[in-house]
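Chemist:
There are 2 protein chains.
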Amino acid sequence: MRFPSPARYVLGIDFGTLSGRALLVDARSGREVATAVHEYAHGVLEETLPGSRKPLPPKTALQDPADYLEVLRTTIPQVLRTTKVSADQIVGIGTDFTSCTMLPTRADGTPLCYDPRWRRNPHAWVKLWKHHAAQPEADRINAVGRKRREAFIGACGGRYSSEWFFAKLLETVNKAPAVYAAADRFIEAGDWIVWQLCGEEKRCASAAGFKAMWEGPRRHAAGEVGGYPSRDFFRALHPKLTEVVRDKLGTDLRPLGGRAGGLTRTMAKLTGLREGTPVATGNIDAHAAVPACGVTTPGQLVMILGTSTCHLLVDGARQEVEGMCGVVQDGVIEGWWGYEAGQAGVGDMFAWFMDQGVPGYVQAEAARSGRSVYQLLEQRAAALRPGESGLLALDWWNGCRSVLMDSDLSGLLVGATLRTRPHEIYRALIEATAFGTRKIIDAFTQTGVAIDALHACGGLAQKSPLLLQIYADVTGRPIRLAASEQTSALGAALYAAVAAGVHPDIHQAARRLVQPSRQTFRPVRKHQVVYDRLYAEYSRLHDLFGRDTHGSMKMLRNEAKPLRPTFARGQNPRT
Amino acid sequence: MRFPSPARYVLGIDFGTLSGRALLVDARSGREVATAVHEYAHGVLEETLPGSRKPLPPKTALQDPADYLEVLRTTIPQVLRTTKVSADQIVGIGTDFTSCTMLPTRADGTPLCYDPRWRRNPHAWVKLWKHHAAQPEADRINAVGRKRREAFIGACGGRYSSEWFFAKLLETVNKAPAVYAAADRFIEAGDWIVWQLCGEEKRCASAAGFKAMWEGPRRHAAGEVGGYPSRDFFRALHPKLTEVVRDKLGTDLRPLGGRAGGLTRTMAKLTGLREGTPVATGNIDAHAAVPACGVTTPGQLVMILGTSTCHLLVDGARQEVEGMCGVVQDGVIEGWWGYEAGQAGVGDMFAWFMDQGVPGYVQAEAARSGRSVYQLLEQRAAALRPGESGLLALDWWNGCRSVLMDSDLSGLLVGATLRTRPHEIYRALIEATAFGTRKIIDAFTQTGVAIDALHACGGLAQKSPLLLQIYADVTGRPIRLAASEQTSALGAALYAAVAAGVHPDIHQAARRLVQPSRQTFRPVRKHQVVYDRLYAEYSRLHDLFGRDTHGSMKMLRNEAKPLRPTFARGQNPRT
């Protein structure tokens, strides 16, 4: 009698800004077997809510949680169907999610926006990571936190972001107190999807650490929940928040690599998987990419280049670095202090340029030569030498998340002449984001956190060799391009393999399953020399415009209020 | 027997940047009877010379003088033909020309570029006003002039421009000494066309005053030509220039309103006019517009809004105003001190934006709604309230001619976000030029030269009520839009009427022949308040970027050298 050893697989489900994807991975070889993508039907809600014509307030960015479930319902059966892998062969499920993307729910996990009573209130919906309307609330959190010398202030680089959990939550308290009262839970969407999958509200300790002021299972005074700031702090912030941790947050926090539970019967039916299949604790999308780049040790900065860029790094010691978004024990990779930094607008800014800044004649030229506009601009921008365009930009079209942590900052372009052409502006925007990355690297290394090499992954990294070469030239460091084109999903699958017990920990899983990097981009000396000069000028403008609280950008942002009338927001077709 | 009193007409011929036009005016009523336009076949030569593929140096802008004669050959017969006015009824011809647009010629007036030996040398061609390659030469002129305390330095606002006569001439000495040696004359194109018309080299004293350091018929040491700087100055500038005035410049300078001569037989044949028809002294195009706006007295600033903007003003006293381009006795209107100031890129900058910055979807939208892109942007930009876009620009896409007089400065846009749309940028560019105008007005009024009202004329003024309203709101002054759509040509015709003796002087001619203004734009108080704040910010950036000789713009301009490779310079179709 033969005992066959059937192949075993894990699923990584990655929830991004515009779509979700499932990735089926061979749990022993790391081979990526199949993938399926589902675009969110409602995308990002910035203008109006579904079924409404009422303009949303400025800087609003919402999502519909039903779109996330559609990802599970469509992509998982699709990868099973196309690969003919049976549900029995799937030994674990891992997920990763944008963060801080959060929503209010009922006690049973039902999103508040499903309720017709709340459906027309923007605060009942999912606030996406790039929802930037809570700056006043972030300002207040920082003021109160600094005055009380709360530990979280140091842990988040000195400035708690308007993108994060309690800023968004406080915005709801201020702007929609009835929504706050009606909600039983406020939860990271990444934890919500795990709750949906396994029926248990197990929250990701890492996300809580990076976005929600959690600092590990410490204890405050009797009756308080360990790890979060005290009731005194929350009371000082807003009286209604005194018991926010007890009343509105789940307190079962789980480390990365843990098992949150088994797949529910409902979800098994929805996805075609086996009931009870192990489900890993949730993870932040960018963080999941780190082991998927093969990085589980210090000195290696992982850049996840996409809509925005996330920079991740581990180190043996805890430092407070200007503009870092957070430092959390075991927060990125078990066993190390995990650091996160980021740039708020990268791919978004290039997309803006493609939509709003590329003239029709370039589109026509691209069409004539059988290329996309993107390909044409890349090719022309690549032919320019550093400095040649005479342009320099500050990359703050979506605010500045690092090192200044200020969403009220805005974009700047200097050096335009009547000879300036679109591919020159495009290159200047890429260069500006490279300078922004160098600013982050400088902040780390000057504080004593070493960075020897860079790793790049994410859609933008796969798409633009020009961008990676510019980043290598600007930072003076080699850049390794990840083998996988879907590192977050692969990372989620690695954690699924750990949760399923196929590999003992994430270090082993990464060592055994991750392929060598696809390509290395090395700095070109003569480019570095020019970029050193341009970076000095970037730094001067960076401080001039970014560190002056009475500067142009603040003044202009102030004049721009209230909301401008809504025109049809057309855009060039994506190519 | 009846003695009929047949109608009498004058012709104004206006030579612009891209085309020339003839305007036929009733010499008694001022009625504009007919007009004809001829576009220069060679336009502006910026990339290559005709028949050559060799790229021209950066900042080069040349023209072909043959194109000017084509204007005479085609437009004059055309207005005669369409109006059935006979040559006998044309009692005078006046011209106006862009300035300083200059060329080298033989002793008989033949342009050097007609000679096959020189045809491939860019310096043998007409250097158009916006030829900006002579900045090093302008720098040297200023250094030498300041050191020697030459009078022209004060008369041109402290900085002699790279656009002007001796900067362009010195560039030829430096870059093409053989062209300098071969030329018998260097002459304003406006004086050259008068020479062509009447066969006599009579130069316009006003143009010499504004562009060529001439200060009236003074006398230096024996043997020197009155009014120009001394030989010592020119020797200090460059030994080869010691005798430049004697050897290369015509010295018969004529005041505005004078008669240069009668039409030659050759030109009579070419144009169909009568031999001997009185030809007025040449004039600068923008200056000719002043009486055509009905302005012949102090306190009224005339803005000629076009490719660039020229600001003209007369006053009883001579002041030295920062950034003025010049102050010349009898230089704009007989009997007053004439002041000129200017902005280097206005219409050019909007055209750049239409060509290089308006995305295809806006073009498609305009096409669908049966409007031009321009109309669509105007309509949408007009619906914005001041400050609403959160954008602010420095209007230096073509350098800054006033008040900083520095062609190495470049454009800046601050405040861009992912929500920024094309019509918002368009409005920010208009506003930036309005702030630039206010800067000029401030410089005059702070020096004691009064400005009570503004007059607007030129293509851009006729085309954009939005622009005029913004200018009124930004400057806080009423703006009167000229009745004529071709004020320069009308001004040339007014001077023709004076040269012909129909009216005794330009004051009388303007009083009798110019129609009342078409429309008055009055400042809106609540807009003024916002624009006062934005202007303060503009002024801060203006000084920060414009007055810092080690600033970003200088640094970037420096990095951009040498010339970038030439890509096909596509553009959106003009609409």
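Quick mapping for you: the protein sequence lines, in order, are chains A and B.
Taking my numbering, the leading residue of the first sequence gets 8, the next gets one more, and so forth.
Taking my numbering, the leading residue of the second sequence gets 8, the next gets one more, and so forth.
We put the beta carbon where it would ideally sit given N, CA and C, even for glycine.
1) Could you tell me the distance, in whole angstroms, from the CA atom of S524/A to the CA atom of R487/A?
2) Run down chain A in chain order and give the residues with a C-beta less than 8 Å from the C-beta of R540/B.
3) Residue range of the beta strand (DSSP E) that I311/A falls in?
4) For E492/A, does the three-state DSSP call read helix, strand or coil?
5) Given a cut-off of 9 Å on the beta-carbon distance, is the pair I20/A and D103/A in contact?
6) Who are the near neighbours of D74/A in its chain, counting only those whose CB is closer than 7 Å to its CB and skipping five residues on each side?
7) Given a cut-off of 9 Å on the beta-carbon distance, is the pair H245/A and N181/A in contact?
8) Taking only three categories from DSSP, how would you classify T6/B?
9) Over what stretch of residues does the beta strand (DSSP E) that includes I448/B continue unbroken?
10) When DSSP labels each residue in this structure, what does R532/A get in the three-state scheme?
11) Helix, strand or coil: how does DSSP classify S26/A here?
12) Cα-Cα, which of G330/B, V40/B, L474/B, Q70/B is closest to R166/B?
13) Using the rule of at least 16 other Cβ atoms within 10 Å of the residue's Cβ for burial, across every protein chain shown, is K568/A buried or exposed?
14) Using a threshold of 9 Å, state whether the C-beta atoms of G483/A and S409/A are closer than that.
15) State the Cα-Cα distance for the pair L270/A and A189/A, rounded to the nearest angstrom.
16) Between which two residues does the alpha helix (DSSP H) holding L399/B run?
17) Note down, in chain order, each residue of its chain lying with its Cβ closer than 6 Å to the Cβ of D191/A, except the 5 sequence neighbours on either side.
18) Is it buried or exposed for N128/B, if we count other Cβ within 10 angstroms and need 16 for buried?
19) Quick check on S376/A - is its C-beta less than 9 Å from some C-beta in chain B?
20) List, in chain order, every chain B residue whose beta-carbon is nearer than 9 Å to that of L398/A.
21) Can you round the beta-carbon distance between V481/A and F442/A to whole angstroms, since I take them to be within the 8 Å contact cut?
22) Using a Cβ cut-off of 9 Å (strictly closer), state whether Q578/B contacts chain A.
23) Closer than 6 Å by C-beta to G558/B: which residues in its own chain qualify, once you throw out the five before and the five after it? Chain order, please.
24) How many angstroms separate the CA atom of L312/A from the CA atom of S315/B?
25) A174/B: buried (16+ other C-beta within 10 angstroms of its C-beta) or exposed?
26) Along the chain, where does the alpha helix (DSSP H) that runs through I100/A open and close?
27) Quick one: does L411/B have its CB under 9 Å from some CB of chain A?
28) Please name the residue in A215/A, T273/A, C107/A whose C-alpha comes closest to that of C205/A.
29) Please state whether DSSP places Q515/B in a helix, a strand or coil.
30) Output the distance between the C-alpha atoms of T24/B and A373/B, rounded to the nearest integer angstrom.
31) Just the C-alpha distance for F22/B and V51/B, rounded to the nearest angstrom, thanks.
32) What three-state label does DSSP hand P65/B in the structure shown?
33) Beta-carbon within less than 6 Å of L383/B's beta-carbon, same chain only, minus the 5 sequence neighbours each way: which residues are those?
34) Any heavy atom of the ligand ATP closer than 8 Å to the Cβ of V286/B?
35) To which residues of the same chain is H138/A closer than 8 Å at the C-beta, ignoring the five residues directly before and after it?
36) Flag D480/A as yes if its beta-carbon sits less than 9 Å from any beta-carbon of chain C, otherwise no.
Modeler: So, from the listed chains and residues:
1) Counting from 1 along the first sequence, the entry for residue 524/A is found at position 517. Counting from 1 along the first sequence, the entry for residue 487/A is found at position 480. Between S524/A and R487/A, the C-alpha separation is close to 6 Å.
2) Locating residue 540/B in the second sequence gives position 533, where the first residue counts as 1. Here the neighbours are M562, E566.
3) Residue mapping note: residue 311/A aligns to position 304 of the first sequence, counting from 1. I311/A -> beta strand (DSSP E) spans 306-312.
4) On the first sequence, position 485 is the one that residue 492/A refers to. If DSSP states are grouped into helix, strand and coil, E492/A belongs with coil.
5) Position 13 of the first sequence, counted from the first residue, corresponds to residue 20/A. Position 96 of the first sequence, counted from the first residue, corresponds to residue 103/A. Yes, the Cβ-Cβ distance between I20/A and D103/A is below 9 Å.
6) Position 67 of the first sequence, counted from the start, is the residue given in the question as residue 74/A. Closer than 7 Å at Cβ, skipping near neighbours: Y47, A48, H49.
7) If you number the first sequence from 1, residue 245/A lands on position 238. If you number the first sequence from 1, residue 181/A lands on position 174. Yes, these two residues count as a Cβ contact at 9 Å.
8) In the structure as shown, chain B starts at 8 and stops at 582, and residue 6/B therefore has no counterpart that could be examined.
9) As a first step, residue 448/B must be located in the second sequence, where it is residue number 441. Per DSSP, I448/B belongs to no beta strand (DSSP E); it is in the alpha helix (DSSP H), 429-454.
10) Locating residue 532/A in the first sequence gives position 525, counting from the first residue. Reduced to three states, the DSSP call for R532/A is helix.
11) Counting from one through the first sequence, the residue named residue 26/A turns up at place 19. S26/A: strand per DSSP, three-state reduction.
12) As a position in the second sequence, residue 166/B is number 159, starting the count at 1. The shortest C-alpha separation from R166/B is found at G330/B.
13) Position 561 of the first sequence, counted from the start, is the residue given in the question as residue 568/A. Classification of K568/A: exposed, given that the 10 Å Cβ count is below 16.
14) By one-based count along the first sequence, residue 483/A stands at place 476. By one-based count along the first sequence, residue 409/A stands at place 402. For G483/A and S409/A, no; Cβs fall outside 9 Å.
15) Residue numbering aside, residue 270/A sits at position 263 when the first sequence is read from its first letter. Residue numbering aside, residue 189/A sits at position 182 when the first sequence is read from its first letter. Spanning the two alpha carbons is a distance of roughly 28 Å.
16) Translated into the one-based positions of the second sequence, residue 399/B becomes position 392. Counting along the chain, L399/B falls outside any alpha helix (DSSP H), though it belongs to the beta strand (DSSP E) covering 399-401.
17) For the purposes of this step, residue 191/A is taken as residue 184 along the first sequence, with counting starting at 1. Around D191/A: R113, A114.
18) By one-based count along the second sequence, residue 128/B stands at place 121. Counting Cβ neighbours within 10 Å, N128/B comes out buried, since at least 16 surround it.
19) As a working note, residue 376/A is residue 369 in the first sequence. Output row for S376/A: interface = no.
20) Here residue 398/A is taken as the residue at index 391 of the first sequence, counted from 1. What L398/A touches in chain B: S417, L563, A567.
21) Residue 481/A sits at position 474 when you count from the first residue of the first sequence. Residue 442/A sits at position 435 when you count from the first residue of the first sequence. Yes, V481/A and F442/A are in contact; Cβ-Cβ is about 6 Å, under 8 Å.
22) For this step, residue 578/B is matched to residue 571 along the second sequence. Bear in mind that the predicted position of Q578/B carries a pLDDT of just 48, short of 50, making it unreliable; the figure below should be weighed with that in mind. It does; some Cβ of chain A falls within 9 Å.
23) Within the second sequence, the letter at position 551 stands for residue 558/B. These residues qualify, in order along the chain: F552.
24) As a position in the first sequence, residue 312/A is number 305, starting the count at 1. As a position in the second sequence, residue 315/B is number 308, starting the count at 1. Their Cα atoms are separated by approximately 43 Å.
25) Within the second sequence, the letter at position 167 stands for residue 174/B. The residue is buried, with at least 16 neighbouring Cβ atoms inside 10 Å.
26) On the first sequence, position 93 is the one that residue 100/A refers to. Premise fails: I100/A lies in the beta strand (DSSP E), 97-104, not in any alpha helix (DSSP H).
27) Start at 1 with the first residue of the second sequence, and residue 411/B comes out as number 404. No, L411/B lies away from the interface with chain A (no Cβ there is under 9 Å from its Cβ).
28) Stepping through the first sequence from its first residue, residue 205/A is reached at position 198. Out of A215/A, T273/A, C107/A, T273/A has the C-alpha closest to the C-alpha of C205/A.
29) Along the second sequence, one-based indexing puts residue 515/B at 508. In the structure shown, Q515/B sits in a helix (DSSP, three-state: H, G or I).
30) The count along the second sequence starts at 1 and reaches residue 24/B at position 17. The count along the second sequence starts at 1 and reaches residue 373/B at position 366. Computed Cα separation, rounded: 28 Å.
31) Within the second sequence, residue 22/B is the residue found at index 15, counting from 1. Within the second sequence, residue 51/B is the residue found at index 44, counting from 1. In a straight line, the C-alpha of F22/B is about 13 Å away from that of V51/B.
32) Residue mapping note: residue 65/B aligns to position 58 of the second sequence, counting from 1. Residue state, collapsed to three classes: coil.
33) One-based indexing of the second sequence puts residue 383/B at position 376. Excluding positions up to five away in sequence, the list reads A373.
34) Inclusion of the ligand ATP in the displayed structure is not the case, the ligand content being empty and no account of it being possible.
35) For the purposes of this step, residue 138/A is taken as the residue at position 131 of the first sequence. Contacts found: K66, T67, A68, L69, E170, K175.
36) The structure shown has no chain C; the protein chains it does contain are A and B.
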